[in-house]
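Novice: Residue numbers (this note's numbering), protein chains in the order written: chain A, 3 to 386; chain B, 23 to 392.
1. Compare the C-beta of residue 100(B) against all C-beta atoms of chain A and say whether one is closer than 7 Å.
2. Find the nearest neighbour of residue 209(B) within the set 83(B), 365(B) and 40(B), judged by alpha-carbon distance.
3. Tell me the DSSP bridge mates of residue 368(B)?
4. Let me know the secondary structure DSSP gives residue 167(A) once reduced to three states.
5. Compare the beta carbon distance of residue 384(B) and residue 173(B) with 7 Å and say whether it is the shorter of the two.
6. Candidates 353(B), 280(B), 178(B) and 188(B): which alpha carbon is nearest residue 206(B)'s?
7. Express the C-alpha separation of residue 153(B) and residue 142(B) in angstroms, rounding to a whole number.
8. Round the Cβ separation of residue 373(B) and residue 392(B) to the nearest angstrom and send it over; I've been treating them as touching at under 8 Å.
9. Helix, strand or coil for residue 36(A) per DSSP?
10. Below 8 Å on the Cβ atoms is my guess for residue 158(B) versus residue 193(B); work out the distance and round it to an integer in Å.
11. Report all residues from its chain with a CB closer than 6 Å to the CB of residue 123(A); omit the five preceding and five following residues, and keep chain order.
12. I'd like the span of the beta strand (DSSP E) that includes residue 355(A), first residue to last.
13. Can you find the residues in the same chain that come closer than 6 Å, C-beta to C-beta, to residue 164(A), ignoring five residues on each side of it along the sequence?
14. Using CA coordinates, which residue listed in 121(B), 304(B), 387(B) and 328(B) is at the minimum distance from residue 340(B)?
15. Would you say residue 146(B) faces chain A, with C-beta separation under 7 Å as the test?
16. Could you please give me the residues that DSSP links to residue 59(B) through a beta bridge?
17. If you draw a straight line from the alpha carbon of residue 212(A) to that of residue 260(A), how long is it in whole angstroms?
18. When the cut-off is 7 Å and only beta carbons count, does residue 316(A) lie next to chain D?
19. Looking at chain B, is there any beta carbon in it that lies within less than 7 Å of the beta carbon of residue 382(A)?
20. Which residue comes first and which comes last in the alpha helix (DSSP H) that contains residue 111(A)?
21. Taking buried to mean at least 16 other C-beta atoms within 10 Å of its own C-beta, is residue 93(B) buried or exposed?
22. Between the region 30-37 of chain B and the region 133-150 of chain B, can you find at least three pairs of beta-carbon atoms closer than 8 Å?
23. Let me make sure I understand the geometry here. Which of 244(B), 375(B) and 317(B) has the alpha-carbon closest to that of residue 343(B)?
24. By the three-class DSSP mapping on this structure, what secondary structure does residue 108(B) have?
25. For a contact meaning CB atoms closer than 7 Å, what does residue 91(B) contact in chain A?
26. Where does residue 56(B) land, buried or exposed, given buried means 16+ other C-beta within 10 angstroms?
27. Would you tell me roughly how many angstroms separate the C-alpha atoms of residue 253(A) and residue 234(A), rounded to the nearest one?
28. Take the Cβ of residue 310(A) as the centre, count every other Cβ of all protein chains shown within 10 Å, and call the residue buried at 16 or more, exposed below.
29. I want to see whether chain B comes within less than 7 Å of residue 312(A), judged by CB atoms only; does it?
30. Closest by CA to residue 330(B), which one among 312(B), 360(B), 311(B) and 338(B)?
31. Give a yes or no on whether the minimum CB-CB distance between residue 368(A) and chain B is below 7 Å.
32. Tell me the DSSP secondary structure of residue 385(A) in three-state form.
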C-alpha cells in the first residue's frame, strides 16, 4: 500500500540536497570545531558557513544565531534565559494561551519559581489581539512570548505589532518561529523581535538541531553549563553535521519559499473547499485568519478524531489530531479549546499539513478517503 | 486473505495477548494491534509506582512491549486512549462501591464497558468485524438454541469466565478467544517458539490500577487527587451479638470474610461478617457466622440460556477463587434478578461481587450479589 504524508507540521523528511550535504559532512568533517588544528578549522568553517546561511534566511547577522538541539531547547533558552537574566525581585511575563508546550511548560516552571505569568486569550480565529498584550503589561514585565505561527491551526500572529508594544514598554520579546520558518517569509528585523526560535526538522533538515536568534544586546542567562560555545549561550560540542544540514535547508527554503508557498496554498485551499463541499458537518478551524500556506485544521462533527486518524492510516493517509507532542492525551487540544471549540468538536478535529512531496493527486485521494471514512464512522456512530 | 476485514487484537504487552496477535498472523489473518491506554500510572505518585512497576496496566513498559511484538510480527499498531471512559465507568464505580461498603469487581466492569464495548467501537471504526483478546475462555455458537455460548477455558487454573459474565450476544458474536483451548504452559511455549520478546514476562496482577492490591491506599490517594475531602470515616467494630470490640478508620478498609487487620485480639479467630456504610459499623464474628445458603443476584446477564422460568440446577461461583458450588437458580420477582439457593452453605457471600452460574463448562449467565 502507498502511504501519503499529510503531517509536515509534525516533522518533515530530510530534503535530498540537504541529505547530501549532511552525509558528506558526516563522512569527512569530523573535527571538533573548537580545536586549533586543521581538522578543527575545517569543522569551524562548516559551522560558520551554516550560521551565515541561517542568518541570511531571517535577515539577521551571523553573530546573532545560537545553535541548539532543536526548537524545544531554543524555546527553553529564550524563556528561561530572559527571565532568569533579570535581576528584579518581582518578575512577570506574558504568553499566549496557544503556545507550544515548550513555551507553556517553561512558563509553568518559572511560575513555580515565583514568576507571575499572564496567558493571553485568542479570538475565535486564533489570533492574539495586540491590545490585550498592551493591557497585560506591568511595570515588572520582563518578557512577552508569542508564537509566530501556530502548529495546530497555522494561524500567523501579528508579531510586528506586538513587538512594537514591547519595544515601547522596554520589554524583551520572543517569538517561537518553529512553524513559520520555511512556510512564510521571516525577517527578524522587520518583525522587531529580540529572540526567535527555529527547528531543523520542520524545515527538511534532520531532528536534533535548532536555532535561537538572539538580537545583539539581549540579556540571556544560560540554562545549561559547560564550555564557551555559541558565545556562552549554549555549551557543548557543536553538532556540525546537523548544523550544516540546517544551513543547507535554510538556503533551500530561501530559494524555493515564494513558489512553494503559493503551490501549497492552492493545494490547501483545494483540500478545504472539497471537504466542505462534499462532507456535511465540517468546517475550518482558524479559517478566518492569516495562516501558513500548508496547514488545514478541519472539524468533522460526530466523528472521533482518534478513530479517524487510525482509519485513515490504514487507508494510507498520515494525518494527526493536533500536536504530535500531545497525541494520546485525553484532554482536548488547548489550542482548539482556546479558540472556543467545544470539547466534542475539538475531539472531532483533524490537522492536515502539506509539504514538498504533496501533489494534487494526493489531495484528491485524501478527500475521497475522508469522505468514505466519515460516512462509515458516522454510520457506526463512534462519537467523539 | 488480502481483502478480508482485519481482526483487531487488544494487545496489553503481556505474553497472552502478544501470542494471540502472533498466532492470528501465522494463521494468515489480517491484524490490527491496539493497546488501550486506560489509566495514567503517574497520576497518583504517592502510590510509588517505581517500586512496584511489575505487572501494572498501561505502563510505558507495557506499551513498549506491545509495540515491539507488533513490529516483530509485522502488523499496524496503535495506542488508543480510553482513560476518560475507564475512569468514569470502572474506577469511579469501584471507588463508590467500596465507600458504600461493598466489594466491587472492576475487571468485569472493564470488560463490559471498555474491552468489549469501547474497543469494539474502535474496531468498527477501523473496519474490523472481529476482535480478539488474550482472555482464557471459549465462545461457540449453539445452532439449536440460536445463541452464542461462553465456556470455561481448557486451562481451569487460568479460566477468566468469572469476569466475562456481562458479555452480550452481540459482543460474543464478534469476539475471538484464541487461547481458550490452550493451557498456559502451551501459550508460553508457543510464544518462545515464535521468538516473541515477551515470552518469559510475568503474569499481570488482578486489578491493574491498584498497586500491590492495596485498595485502601488507592482509595485515599484517588479521593485526595479528586479534591474530595477525606471522609471522617470512623466507626465501631461490633460482634454479631452486639458487643463493641473497638474502632476502625472506615468501612472501606474491610471486606466480608477478612480476618487480618482488624486490630483486635481475641481467643477465637474473628472475621468480618458484614459492613454498613450508613452506620460505619463493621460486624465481626466466628467462621460459622460467615456461612450463607441463599442470596439474590441482580442485573443478571444470561448468556448460554435465555433465562430461568422454573428452578434450574447450576454450579455458582461467588468470587474468582471460589470453586463453583452446586445450587438451584429460582426465578425472582425482580425481572432482572435471580434467587440462588446453595445445596450447602457457602462462606463469605459478599455484596458487590459477581455471581456466575455454570452448567459444567457452560456459563449460563451471571449477576451482581445484592
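Even for Gly, the Cβ is constructed at its ideal location relative to N, Cα and C. In this text, all values refer to a predicted model and were calculated from it rather than measured experimentally.
Specialist: Considering the structure as presented:
1. Yes, residue 100(B) counts as interfacial toward chain A.
2. For the options 83(B), 365(B) and 40(B), the alpha carbon positioned closest to that of residue 209(B) is the one of 40(B).
3. According to DSSP, which records beta bridges pairwise, residue 368(B) is partnered with 314(B).
4. Helix.
5. Between residue 384(B) and residue 173(B), the C-beta gap is smaller than 7 Å, which places the two residues in contact.
6. Ranking 353(B), 280(B), 178(B) and 188(B) by Cα distance to residue 206(B) puts 178(B) first.
7. Using only the alpha carbons, I get a separation of about 7 Å.
8. That pair is a contact at about 6 Å.
9. DSSP places residue 36(A) in coil when its eight states are reduced to three.
10. Distance from residue 158(B) to residue 193(B) at the Cβ level is roughly 17 Å; contact not present, criterion being Cβ atoms closer than 8 Å.
11. When the five nearest sequence neighbours on each side are left out, the beta carbons in the same chain lying within less than 6 Å of the beta carbon of residue 123(A) are those of 99, in order along the chain.
12. Segment 351-355, the beta strand (DSSP E) holding residue 355(A).
13. These residues qualify, in order along the chain: 132, 135 and 148.
14. The residue with the shortest Cα to Cα distance from residue 340(B) is 387(B).
15. Yes, residue 146(B) counts as interfacial toward chain A.
16. According to DSSP, residue 59(B) bridges with 103(B).
17. The alpha-carbon atoms of residue 212(A) and residue 260(A) are separated by roughly 23 Å.
18. Among the protein chains in the structure shown, which are A and B, there is no chain D.
19. With 7 Å as the cut-off, residue 382(A) counts as an interface residue toward chain B.
20. Per DSSP, residue 111(A) is one residue of the alpha helix (DSSP H) stretching across 103-114.
21. Classification for residue 93(B): exposed.
22. The region 133-150 of chain B vs the region 30-37 of chain B: in contact.
23. That would be 375(B), whose Cα lies nearest to the Cα of residue 343(B).
24. When secondary structure is reduced to three states using DSSP, residue 108(B) falls in the helix class.
25. Within 7 Å Cβ-Cβ: nothing; residue 91(B) doesn't reach chain A, min ~18 Å.
26. Result: buried.
27. Within the model, the alpha-carbon separation for residue 253(A) versus residue 234(A) is close to 26 Å.
28. When all chains shown are included, residue 310(A) counts as buried.
29. By this cut-off, residue 312(A) is an interface position.
30. For the residues 312(B), 360(B), 311(B) and 338(B), the minimum Cα distance to residue 330(B) belongs to 360(B).
31. No, because no Cβ of chain B sits closer than 7 Å to the Cβ of residue 368(A).
32. Note that residue 385(A) scores a pLDDT of 47, beneath 50, so its modelled location is shaky and nothing firm can be said.
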